[in-house]
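Data block below; observations after.
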Amino acid sequence: MTELDVFFQLKLSVLETYRKQHPYFTGSWKTFSSQDIFNLIDSIQLNTKQSVSEKWIYTHLKPEQNEKLPRKDMLDILSQYVGLSGWDEFKFQYKGTAISEETEEAIISKTGNSRAFYVIGICLILILAALFLKNVFVPEKKTIELKDTFTKEKIATDEVKAFVVNDSVEKAIPIKNGILEVGVKDKVVLKSPFYEGKQITVSSNSEPQIIELKPDDYGMMLKAFMQSDIKDWEIRKAQLEMILSDNLEVMVMLKDNLGVEYFDKKEFTQQLVVPTPSLKQLKIVVLEKDKENKISLIRLIQK
């Protein structure tokens, strides 16, 4: 067992201590937000009278794997945060626990050998029974192909989402190369910021089902504005005035759970009229319209 293994356990202990002080947090280091980082910094300072930086947490705690061990003084701070005197005591306690667990596993392994063949036999019977039942009762599947109403071309996988509806609950299903596979008689809902939504009930005929989606003109225009280079900014500005609501709200979801960036109509129009390379790195995931059929909400993510 290396010291990096022990450090990984220390990270888990820090996370568990943080959860005790902030019960509403149920995630992991990967989902640790910027607000959680600020909360952890305050908690460590309150409990140990010492401090760690936001950059240090991003460098050493958020990664799933660490290539090298942090400085011992920082390890001491984290060990004190979880209730021990320092890094040396944490290593001693954890390695002792690990050795005890390994010894217990060895004893269990020896006493359990006599039952091994019996358990293997039961497992084989259960596997064979499961395979038989799967072949007998597997539901009939149907392939659905999604195409653009006008171009008759397959719709890009990242431009539409599909959901199976069961008792008003929507469950996402994968789309690969414009094709999805669902059970016969399933109710399927198709959603997209670039196409008009549609709900279908899958038929039982043997032929592949082709579903055509009508493009949403304003959504397509907005996508083109974000991806193309400017040619005539006055025309573009007039077109944006036509399709964007005066009460437009634009939310940009930042990477690594760093939060949300907000733009109103004036700010977002300026971004589109004079596009930057960073604008082309944004992807539209949600687009909503008001009663006048103008775009009132845009949610974007960074590619």
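The numbers in our numbering rise by one with no breaks, and the one at position 221 of the sequence shown is 221. Backbone N, C-alpha and C fix where the C-beta goes; we use that ideal spot for every residue, glycine too.
In the displayed model, N166 falls within a strand according to three-state DSSP.
Residues R299, I301 of the same chain have their beta carbon placed closer than 6 Å to that of V285, with the five preceding and five following residues left out of the count. For L146, the three-state secondary structure derived from DSSP is strand. Between the alpha carbons of E54 and I210 lies a gap of roughly 52 Å.
The beta-carbon separation of V252 and E261, rounded to 4 Å, stays under the 8 Å limit for a contact. Taken atom to atom, the span from the alpha-carbon of Y58 to that of E196 is near 41 Å. When rounded, the separation of the alpha-carbon atoms in V189 and F32 is 32 Å. Separation of S34 and E140 (C-alpha to C-alpha, rounded to the nearest whole angstrom) is 46 Å. Beta bridge pairing from DSSP links V260 with M253. The shortest CA-to-CA distance from K11 to any of S168, P215, W29 is the one to W29. Below 8 Å, enough C-beta pairs join the segment 173 to 186 and the segment 149 to 156 to call them touching: three or more. The beta carbons of F263 and V273 sit no closer together than 8 Å.
Per DSSP, T157 lies in no alpha helix (DSSP H) and is assigned neither H nor E.
Under the three-state reduction of DSSP, T201 is assigned to strand. Assignment of Y24 by DSSP, reduced to helix, strand and coil, places it in the coil class. Separation of L15 and M221 (C-alpha to C-alpha, rounded to the nearest whole angstrom) is 46 Å. Setting aside the 5 residues that flank it on each side, D229 is surrounded in the same chain by P275, each with a C-beta closer than 8 Å to its C-beta; the list follows chain order.
No Cβ-Cβ contact shorter than 8 Å links L84 with F7. The Cβ-Cβ distance between K303 and S296 does not fall below 8 Å.
Assignment of beta-bridge partners to I179 by DSSP yields E145, K176. The residue from K20, I77, V165 with its alpha-carbon nearest to that of V184 is V165. Taking a C-beta distance under 8 Å as the contact criterion, Q271 and L279 qualify as a contact pair. By the CB criterion at 8 Å, V182 and K142 fall inside the cutoff. Ranking E212, V52, V160 by CA distance to the CA of F150 puts E212 first. T26 and Y94 have their C-alpha atoms spaced approximately 24 Å apart.
Per DSSP, the continuous alpha helix (DSSP H) segment holding L75 begins and ends at 72 to 81. Residue range 34 to 48 is occupied by the alpha helix (DSSP H) that includes S34. In this chain, the beta strand (DSSP E) harbouring E212 covers 209 to 213. Taking every protein chain shown into account, the CB of R19 has fewer than 16 other CB atoms within 10 angstroms, so this residue is exposed. Taking each of G86, I173, D256, I41 in turn and checking the Cα distance to P63, the smallest one comes out for D256.
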